[in-house]
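Number of protein chains: 2
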Amino acid sequence: MVFEKVDVQPAYHLVASNIEKCIMQGIYKVGQQLPSELDLAKQLGVNRSTVREAIRVLEQSGLVFRKSARRLVISLPREQELASRVSQAMILHEITFLELWETMLPLEVRASELAAIRATDEEIERLEVNLRETADCLEHEQKLVALDIEFHLLVAKASRNRALLLAREPIGLLFYPAFYQVMSRLNAKDRLLSAHREVVNGIRNRDPKHAAQWMEKHIKDFRRGYELADLDMNQPVDNSSYFE
Amino acid sequence: MVFEKVDVQPAYHLVASNIEKCIMQGIYKVGQQLPSELDLAKQLGVNRSTVREAIRVLEQSGLVFRKSARRLVISLPREQELASRVSQAMILHEITFLELWETMLPLEVRASELAAIRATDEEIERLEVNLRETADCLEHEQKLVALDIEFHLLVAKASRNRALLLAREPIGLLFYPAFYQVMSRLNAKDRLLSAHREVVNGIRNRDPKHAAQWMEKHIKDFRRGYELADLDMNQPVDNSSYFE
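Respectively, the protein sequence lines represent chains A and B.
Counting with UniProt numbering, you get residues 1 to 244 for the letters of the first sequence.
Counting with UniProt numbering, you get residues 1 to 244 for the letters of the second sequence.
As structure tokens, this is what we get:
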């Protein structure tokens with residue numbers, strides 16, 4: 001054997017990574033318009049159809065947004081979409097509740113500490129609204145789960161840390177819905193509400209320790225609830241809510 | 001105005017999410033073969049070219065792998081690729097060193113704790129090899145950064161927690177290379193090596209507290225080094241190494 005197999009990348013792949021590199025190096029900035037497909041084809045020495053396929057790849061990864069038939073604009077990948085892609089991978093990897101819990105605990109504690117330092121008045125107000133709505137929904141489990149997810153997302157956003165948000169979002173998408181099963185089996189609702197209240201107290205009073213302490217207690221309660229409800233933490237997390 | 005604008009999704013998009021849903025619900029499992037493009041086109045009532053575009057989208061997101069011209073197989077999205085997609089978003093969002101640091105601290109501490117509980121003998125051996133190589137490379141900054149990244153990845157892997165791995169990987173891709181600038185300005189290499197040593201001691205002796213304590217010290221040193229080197233933590237992190 002003299003020749004090694006050649007790793008032939010399809011042309012549209014090469015074109016896509018070429019354009020991607022220009023975006024990542026800031027040669028094209030977010031909000032700027034890309035040249036037309038025809039111009040790109042000329043510059044890159046490929047067919048227009050190849051460019052069109054490459055653009056689709058870039059649209060798919062959120063780097064390019066087609067404003068109209070002929071206007072391609074550089075865009076920021078949306079957090080929501082990235083998060084759901086990562087959650088998807090977690091489902092396919094059959095990630096367990098224990099894995100989610102072990103990772104969520106330090107992230108949520110950290111988020112609550114930072115929120116106590118940085119939350120704006122408006123963010124605190126939104127947390128208070130969430131508390132009131134939660135108090136009114138204690139008997140409605142599905143609404144309660146939605147409010148619980150919102151609560152934790154509000155705290156995380158108030159941390160003003162986008163790395164933290166990006167890291168926790170895909171875990172949150174699977175973690176909190178998994179708790180639905182616990183709530184429908186145990187009466188943990190009052191504990192949930194009072195823990196949320198104390199976290200908000202810590203944030204309002206600019207007391208990171210208080211917020212962190214109650215968040216830790218709260219997330220540890222999740223695990224205990226899971227065990228008390230006789231759910232197996234080492235099994236892949238129930239993801240049926242993901243498909244609703 | 002009577003009619004609302006219709007949100008027309010391109011056909012290949014609809015086909016892609018249709019197939020994606022089947023994969024996520026486990027109707028097609030990882031490793032299984034998808035029907036041929038022709039069969040899919042017939043079943044879904046669309047052109048074969050539409051199916052081909054949809055498959056490209058799925059290949060792009062790592063859900064489908066083309067084994068040969070005609071064999072499409074369901075695959076697990078690769079962690080590496082997901083991570084680099086998230087890092088990319090962080091760069092475009094101009095994430096700061098402070099944001100990365102605030103998130104990395106609790107994740108690395110947690111990883112070291114779990115590693116002390118779960119690391120296999122083989123994983124501990126690999127950590128020891130990394131320590132020896134680090135000791136031999138103290139004067140070669142670029143190698144040192146590569147070994148530092150490897151060290152933290154080895155610890156994270158030894159945690160046997162895939163949610164943690166998925167959450168920290170994109171941050172790690174930006175965080176440790178950013179420290180290169182610090183190392184080239186300060187003489188922090190001995191501190192780095194001795195902290196790594198103590199973390200490994202904690203892991204080897206099954207002492208989560210010791211591992212966690214030294215990991216915390218170590219990551220806090222990163223921040224201090226950044227400040228001592230007169231780098232601005234509130235500026236977007238230097239990402240030039242990302243493009244090498």
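Glycine included, every Cβ here is placed at the ideal spot set by N, Cα and C.
All values reported here derive from a predicted model rather than from experimental measurement.
The distance from the Cβ of A/Arg-85 to that of B/Leu-82 is about 7 angstroms, consistent with a contact at the 8 angstroms cut-off. DSSP, read as helix, strand or coil, puts A/Ser-112 in helix. Listed in chain order, the positions of the region 91-107 of chain A with a beta carbon within less than 7 angstroms of a beta carbon of chain B are Ile-91, Leu-92, His-93, Ile-95, Glu-99, Leu-100, Glu-102, Thr-103, Pro-106 and Leu-107. Under the 9 angstroms criterion on CB atoms, A/Pro-208 is classed as non-interfacial with respect to chain B.
By the C-beta criterion, the region 197-209 of chain A is judged not to be in contact with the region 181-188 of chain A, since fewer than 3 inter-stretch pairs fall below 8 angstroms. For A/Val-57, the CB contacts under 6 angstroms within the same chain, skipping 5 residues up- and downstream, are Ala-16 in chain order. In the three-state reduction of the DSSP assignment, B/Phe-179 falls in the coil class. It is roughly 5 angstroms from the alpha-carbon of A/Met-233 to the alpha-carbon of A/Leu-98.
Annotated three-state conformation of A/Phe-3 is coil, per DSSP. The beta carbon of A/Tyr-180 is closer than 6 angstroms to those of Val-145 in its chain, skipping five residues each way along the sequence.
Within chain B, no residue has its CB atom less than 7 angstroms from the CB of A/Leu-34, the nearest being about 15 angstroms off. Apart from the 5 residues on each side of it in sequence, B/Ser-159 sits with its Cβ closer than 6 angstroms to the Cβ of Ala-111, Leu-114 and Ala-115 in its chain, given in chain order. In this structure, the CA atom of A/Ser-75 is about 41 angstroms from the CA atom of A/Leu-138. By DSSP's assignment, B/Gln-33 forms a beta bridge with B/Val-73. Cβ proximity to chain B below 8 angstroms picks out Leu-76, Pro-77, Glu-79 and Leu-82 from the region 65-83 of chain A. The beta carbon of B/Gln-60 sits closer than 6 angstroms to none of the beta carbons in its chain outside the five residues before and after it. In this structure B/Ile-171 touches A/Ala-167 by the C-beta definition: roughly 6 angstroms separates them, less than 8 angstroms. Here A/Pro-236 is bridged, per DSSP, to A/Thr-96.
Contact residues of the region 106-135 of chain B toward chain A are Pro-106, Leu-107, Val-109, Arg-110 and Leu-114 (C-beta to C-beta distance below 8 angstroms). With respect to the C-alpha of B/Trp-214, the residue from B/Pro-106, B/Leu-228 and B/Leu-72 having the closest C-alpha is B/Pro-106. Within its own chain, the residues whose Cβ lies closer than 7 angstroms to the Cβ of B/Val-46, once the five positions on either side in sequence are excluded, are Ala-11 and Val-15, listed in chain order. For B/Val-8, the secondary structure class from DSSP, reduced to helix, strand or coil, is coil. Excluding the 5 residues flanking it on each side, A/Asn-130 has same chain C-beta neighbours closer than 7 angstroms at Leu-147, Glu-150, Phe-151 and Leu-154, in chain order. Remark: C-beta atoms of A/Val-64 and A/Val-73 approach each other more closely than 9 angstroms. For A/Ala-211, same chain residues with a beta-carbon under 7 angstroms away, outside a window of 5 residues either side, are Ser-112, Glu-113, Ala-115, Ala-116, Val-199, Gly-202 and Ile-203 in chain order. Judged by beta-carbon spacing, B/Glu-79 lies within the 9 angstroms limit of A/Ala-89, meaning their Cβ atoms are closer than that value. Bridge partners of A/Arg-66 according to DSSP: A/Leu-72. By a beta-carbon distance limit of 8 angstroms, B/Ile-95 contacts B/Pro-236. Their separation comes to about 6 angstroms. For B/Leu-147, the enclosing alpha helix (DSSP H) starts and ends at 141-158. Here B/Glu-216 is not near B/Met-183, since their CB atoms are 9 angstroms or more apart. Between B/Glu-133 and B/Arg-48, the alpha-carbon positions lie close to 54 angstroms from each other. Take B/Leu-34, set aside five residues on each side of it, and the residues of its chain with a beta-carbon closer than 6 angstroms to its own are Leu-72, in chain order. Against chain B, the CB of A/Leu-173 has no partner CB under 9 angstroms away; the residue lies outside that interface. Of the candidates A/Val-109, A/Tyr-176, A/Asp-230 and A/Glu-53, the residue whose Cα lies closest to the Cα of A/His-13 is A/Glu-53.
Put simply, the backbone Cα of B/Asn-205 is about 12 angstroms away from that of B/Thr-120.
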